[in-house]
Amino acid sequence: MKEFLRLVRLTAFSWKGMLAATVFSFFTVSSNIGLLAVSALLISRAAFHPPVLDLMVLIVGVRFFGVSRAVFRYLERYVSHDVTFKILRKIRISIYEKLEPLAPALLMNYRSGDLLTNLVADVETLKEFYLRVLAPPLTAFLVLSANFVFLAWFDLRLAFLFLFFFLLAGIAVPLLIAELGRGVKERMVRVKAALNAQLVDSIQGMTEMIVYGQAERQRQETGKLNRELTMLQDKMAKLSGISQAATQLAMNLAFWSVLLAATSLVRSGSLDGVYLAMLALSTGSSFEAVIPLSLIYAYGEESLAAWKRIRNITSASPDVADHPIPAELRDYSVEIKDLRFRYDQGKPWILDGLNFVLPQGGRVGISGPSGAGKSTLVNILLRFYEYEEGSVLLGGQELKHLGQEDVRRLFGVVSQHTHLFNTTVRENLLLARPQASEDEMVRAAQKALVHDFIKTLPKGYDTYIGEGGFKLSGGQRQRLAIARVLLKEAPILILDEAEANLDAIAEREVMQSLLNMMEGRTTLVISHRRLILEKMDQVIVLPPGIRQEDIF
Amino acid sequence: MLDKKLLREARQTKFFLSLTIGLGIASGLLTILQAGCFARIISGVLLEDRGLSDVQGWMALLLLVIFLRALLALFSESSAQRTAARIKEDLRQRLLSRLFFMGPVQVRGERTGELVNVLVEGVEALETYFAKYVPQLALAALVPLSILGFIYPLDLLSGAILLITAPLIPFLMILIGKWATVLSRKQWEALSRMSAHFLDVLQGLTTLKLFGRSKTQLDVIARVSDRFRETTLGVLRIAFLSALVLELLSTLSTALVAVALGLRLVYGQILFEQAFFILVLAPEFYLPLRLLGTQFHAGMAGVSAAGRIFEILETPLDNIPGEERGSMLKRAESCSSAAPHISLENITVRYEKEQVPVLNGISLELLPGERVAVVGSSGAGKSTLAAVLLRLLEPEGGQIRVNGIPWQELDPEEWRSGLAYVPQHPHLFYGTVVDNIRLSSPGASEHDVITAARLAGAHEFICGLSQGYDTLVGEGGTNLSGGQIQRLALARAFLRKASFLILDEATSSLDPERESLVQDSLERLSDCTVLIIAHRLALAERADRILVMENGQVTEAGTHEELLFKKGDYYRLVEAYGGAG
Chain A
1 MKEFLRLVRL TAFSWKGMLA ATVFSFFTVS SNIGLLAVSA LLISRAAFHP PVLDLMVLIV
61 GVRFFGVSRA VFRYLERYVS HDVTFKILRK IRISIYEKLE PLAPALLMNY RSGDLLTNLV
121 ADVETLKEFY LRVLAPPLTA FLVLSANFVF LAWFDLRLAF LFLFFFLLAG IAVPLLIAEL
181 GRGVKERMVR VKAALNAQLV DSIQGMTEMI VYGQAERQRQ ETGKLNRELT MLQDKMAKLS
241 GISQAATQLA MNLAFWSVLL AATSLVRSGS LDGVYLAMLA LSTGSSFEAV IPLSLIYAYG
301 EESLAAWKRI RNITSASPDV ADHPIPAELR DYSVEIKDLR FRYDQGKPWI LDGLNFVLPQ
361 GGRVGISGPS GAGKSTLVNI LLRFYEYEEG SVLLGGQELK HLGQEDVRRL FGVVSQHTHL
421 FNTTVRENLL LARPQASEDE MVRAAQKALV HDFIKTLPKG YDTYIGEGGF KLSGGQRQRL
481 AIARVLLKEA PILILDEAEA NLDAIAEREV MQSLLNMMEG RTTLVISHRR LILEKMDQVI
541 VLPPGIRQED IF
Chain B
1001 MLDKKLLREA RQTKFFLSLT IGLGIASGLL TILQAGCFAR IISGVLLEDR GLSDVQGWMA
1061 LLLLVIFLRA LLALFSESSA QRTAARIKED LRQRLLSRLF FMGPVQVRGE RTGELVNVLV
1121 EGVEALETYF AKYVPQLALA ALVPLSILGF IYPLDLLSGA ILLITAPLIP FLMILIGKWA
1181 TVLSRKQWEA LSRMSAHFLD VLQGLTTLKL FGRSKTQLDV IARVSDRFRE TTLGVLRIAF
1241 LSALVLELLS TLSTALVAVA LGLRLVYGQI LFEQAFFILV LAPEFYLPLR LLGTQFHAGM
1301 AGVSAAGRIF EILETPLDNI PGEERGSMLK RAESCSSAAP HISLENITVR YEKEQVPVLN
1361 GISLELLPGE RVAVVGSSGA GKSTLAAVLL RLLEPEGGQI RVNGIPWQEL DPEEWRSGLA
1421 YVPQHPHLFY GTVVDNIRLS SPGASEHDVI TAARLAGAHE FICGLSQGYD TLVGEGGTNL
1481 SGGQIQRLAL ARAFLRKASF LILDEATSSL DPERESLVQD SLERLSDCTV LIIAHRLALA
1541 ERADRILVME NGQVTEAGTH EELLFKKGDY YRLVEAYGGA G
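Which chain is which? The protein sequence lines are A and B, in order. Residues in the first sequence are numbered consecutively from 1, following our numbering. Residues in the second sequence are numbered consecutively from 1001, following our numbering.
Now the structure itself:
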């Protein structure tokens, strides 16, 4: 409930739009009620052959309602979609604001790809939240109130009959169905997820399945899940049948009982007979507002689940606190003394007493097996992780006391997981320095040995890369990343296995652009490759205790 | 509006489809009866000054009709679902069988996400098509016609108004519908582009932070969201017009009927009861047509999903090993547990006709128990060679023999039962670690599994997982690194106790230490022919023989030392790599 209110509060900023949409929606339903009610009154009055002039108001009313419904519906749809888009925008921004300080620590703890894809999908789910969860009860409430007052004006008993059946259809039936369907729905979600996983396995793992002779077994397993899904859908269809039948029954019973009660009122003389048909028809047609209510629980649960998943991710607290103390850096050297780091209290130390000095303009290489803490060291230097013990001096100042952004401004990083955005080559490069001139950009690309390649692209620097654009090979991506870092002109370089996962030819090209880049800069290199480690002033092997010769 | 291939599928559920339509028509007739009762009651009370006791018979009948309609509604949903259920189940199984039959080489071109989407959501989209759209199509024709049948004898003018406006609805629906579909597709594309942009930004968050640009992205997200909102609303402004026109048509003609009836009633040209009956029925006349309008998009979504489904079911099979061809000539003894002697003569493979062959008349020989490494730049045809040996791809020319027996006479299943294979990007299946290792031999003992894991250098890290060998991995399970996944796949292969092992860049994510451990394990394998595809030359160095491939052919062969001495392609590769290391 708390999370539900939080979600409502997040959407509350657009209350004006919501109010407008709700009012339009109310008028849409009311136009239909009006059309039937006024038509019924018209016919009933006409049966007594009055002068046509007496019917003029009613005729105008019928014509008005005949047109107004469509118009109000249009306005309602337009405004409510506008509100939906505004809410989505707000949610995206709020997620980004929360996520920004958490990167990359958070993204390393999860399977980041899936995490983000699911996050974006959950935001998509929330687009139903206003349209299908918040709006219908508001409309139903307005319609209920209006028709209650309308009936009460004739006789209070009629109004209460209507109220009873309306609440039955609008609250009791959906609650009952949601309760009955809860178990089935949960199972359905599980079976669907399992079926999805099975199919992903079948397709991605097809080679292994076939080579190891497991294809037939997989086919049978999938068949089982498939049948289970059908069975569950059958149950859901039965529930949905009950829901529809019950709603329709409540509507028709309301119509019937109001007709019955009103008939006796006519007989007793307390009601004019010409209103009889009008009252019965307006009662029946106001149930139009009830129909969307049957889906509220389903959509509500779905939205809430999506929202909770989002909150789970975004409510973590950032790893590194930012309390910069203004300080002048002496130079661009890095000095690490007795540095110890672990992810959590009680977990083993990842770095256990690391010492080295990287003087300005110097080159230090770091090598060692995976899991030895090489990337952890990089993340500490970049202020993504906070260190507990020991000291890291950057230009003579304790790193802890420097602002995160100030620190990152000093580093140029090339890692094996460089992200290139789905935009043009130019925009990807200029990310490093938006105000860079064309000349500077081209020079950086030339130095990274990627300019000639960019020239061969269909639109040169304006070619779109990534999805829907040009696909790049691993070596091309790395060289673009190197050009981007060159453009940043940072005084200290970190190369974090920048040449890993490339084939021999691509590796040689990347290696050459890396060497170009290192000229005259303070450089920290993480690598397994002798070719690049040989060029270092000093090589440190992690964890300490492994001799350097063992690595080669 | 109706898809021929889809209707053919519907034949198997003719009964439930007819039942759904039958229930809908019955419900329509009851609605007419309800209107009749209602009109009678109103007329009695209003004009004939009847009391409750006089109309109680009609009230009772009305109540009965109301309950009957509820009963019909109860069953029609179930019956509609049944219509679709069998078709969906059947199509899903057929699709999966088809994909397995096509095999990984042909499927690899398709995107996994898209295929899974077709199998789950695409097939699901047919539910609305069969359960809602097709029955509604029938009802939209039949129910208004029967209502018209009742109205016409009573009042020609009202009948005429309904008859003229009714065909306009489906007509306009199709006319505007097609155009609106295009617009709404654009809208969805815009929405998914907006999501894609958001995802891209989130994925690149670390990069943005490194360049100190993460804070400014907030404005970009806001700007992109606003731009999409504006353009999408611009599209919707028009798309919603179609709904407006349809809605207007039905309400306006109801109003027209009402006013016409009222005026004639004043002049006594029509009886009240009849006029009222027609008035109540007029909205019911349009209801099925409007419902069809709301199902139209779902129906079209079904048709477009069907397009993709049948495309897969009808994909021509080329280069695919004929399963039945091999099984006719089964020769089990050829795949005994001894390491095989394999010879390839002049093998040619092309992925697409008239393209450059990937394997261009390649000939080579693998002796029993030999460890052979294949090196060469990417695109040289190394992985294709593996696919051919796995029988996932049938060569268009040349001859392969295993222990002297021609390839065509070997049963593929039988041949694969003696094989183990580790691809560059192995797949972890949803399940436990031990299940994943056991994939290669489901009956293996725990002891054997652990031995295999030790050989692959995986035992240590598996023991460090939260539940050891019972830890869940794969989709949604514990996240393993690329190197860990490769070691599990190697364990899988070692467990198989195969007589022929193919490693396709199987150690690319391992650090040098662990790679060397795997190499030791490989050397300890007895009675097994091993083919190692490597781009890291360290792994090749220790092989009995190295084959260098270029452009689909073997250009050099020999031991590491021999080839270095020759100063040919291999020497250049080693050079490029910066010394053998």
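Backbone N, C-alpha and C define an ideal beta-carbon position, used for all residues, glycine too.
Local Cβ density within 10 Å of residue i, reported as buried at 16 or more and exposed below that
i	result
A:G170	buried
A:Y461	buried
A:N252	buried
B:C1463	exposed
B:V1182	exposed
A:L431	buried
A:N226	buried
A:D331	exposed
B:E1132	Looking at the sequence provided, one finds Lys at residue 1132 of chain B rather than Glu. That one is buried.
B:S1158	buried
Chain B contact for residue i (CB, 9 angstroms cutoff)
i	result
A:T117	yes
A:A197	yes
A:P50	yes
A:Y297	no
A:Y74	yes
A:Y110	Bear in mind that the predicted position of A:Y110 carries a pLDDT of just 44, short of 50, making it too unreliable to give a figure here.
A:V67	yes
A:N226	yes
Extent of the continuous beta strand (DSSP E) to which residue i belongs
i	result
B:M1549	R1545 to E1550
B:I1362	L1359 to L1366
B:N1479	Where B:N1479 is concerned, there is no enclosing beta strand (DSSP E), given that its DSSP letter is neither H nor E.
B:Y1421	L1419 to V1422
A:I494	I492 to D496
A:K337	V334 to F341
Chain A within 9 angstroms of residue i, Cβ atoms only
i	result
B:S1430	Reading the sequence as shown, one finds Tyr at residue 1430 of chain B and not Ser. Chain A, which has a Cβ nearer than 9 angstroms to the Cβ of B:Y1430, makes this yes.
B:F1240	yes
B:T1206	yes
B:A1332	Per-residue confidence for B:A1332 stands at a pLDDT of 43, beneath the threshold of 50, marking its modelled position as unreliable; no derived number is given.
B:L1410	no
B:H1560	no
7 angstroms CB neighbourhood of residue i in its chain, flanking five on each side removed
i	result
B:E1127	A1084 and K1088
A:L265	D155 and L271
Rounded Cβ spacing between residue i and residue j (contact assumed at less than 8 angstroms)
i	j	result
A:R63	B:A1255	5 angstroms
B:F1500	B:A1456	With 8 angstroms as the limit, B:F1500 and B:A1456 do not qualify as a contact, their Cβ atoms being about 18 angstroms apart.
A:L42	A:L55	6 angstroms
A:I482	A:A448	4 angstroms
A:L116	B:L1202	5 angstroms
A:T11	A:Y130	6 angstroms
B:D1504	B:S1383	6 angstroms
B:R1542	B:E1370	That belief does not hold up - the Cβ atoms of B:R1542 and B:E1370 are roughly 13 angstroms apart, past 8 angstroms.
Limits of the alpha helix (DSSP H) - the one that residue i falls within
i	result
B:E1311	F1272 to L1313
A:L239	A215 to R267
A:Y299	I296 to T314
A:I95	V52 to L99
B:T1231	Q1217 to V1266
Spatial neighbours of residue i in its chain, beta-carbon cut-off 8 angstroms, leaving aside the 5 residues before and after
i	result
A:Q548	Reliability fails at A:Q548, whose pLDDT of 44 lies under 50, so the model's placement of it is uncertain and the value that follows must be treated cautiously. Correct list, in chain order: S367, V539 and V541.
A:A152	L158 and A159
B:A1138	I1021 and G1024
Neighbourhood of residue i by C-beta distance below 6 angstroms, restricted to the same chain and skipping five residues each side
i	result
B:G1361	N1346 and T1348
9 angstroms Cβ cutoff, residue i in contact with chain D
i	result
A:F421	The question asks about chain D, but that chain is absent: this structure's protein chains are A and B.
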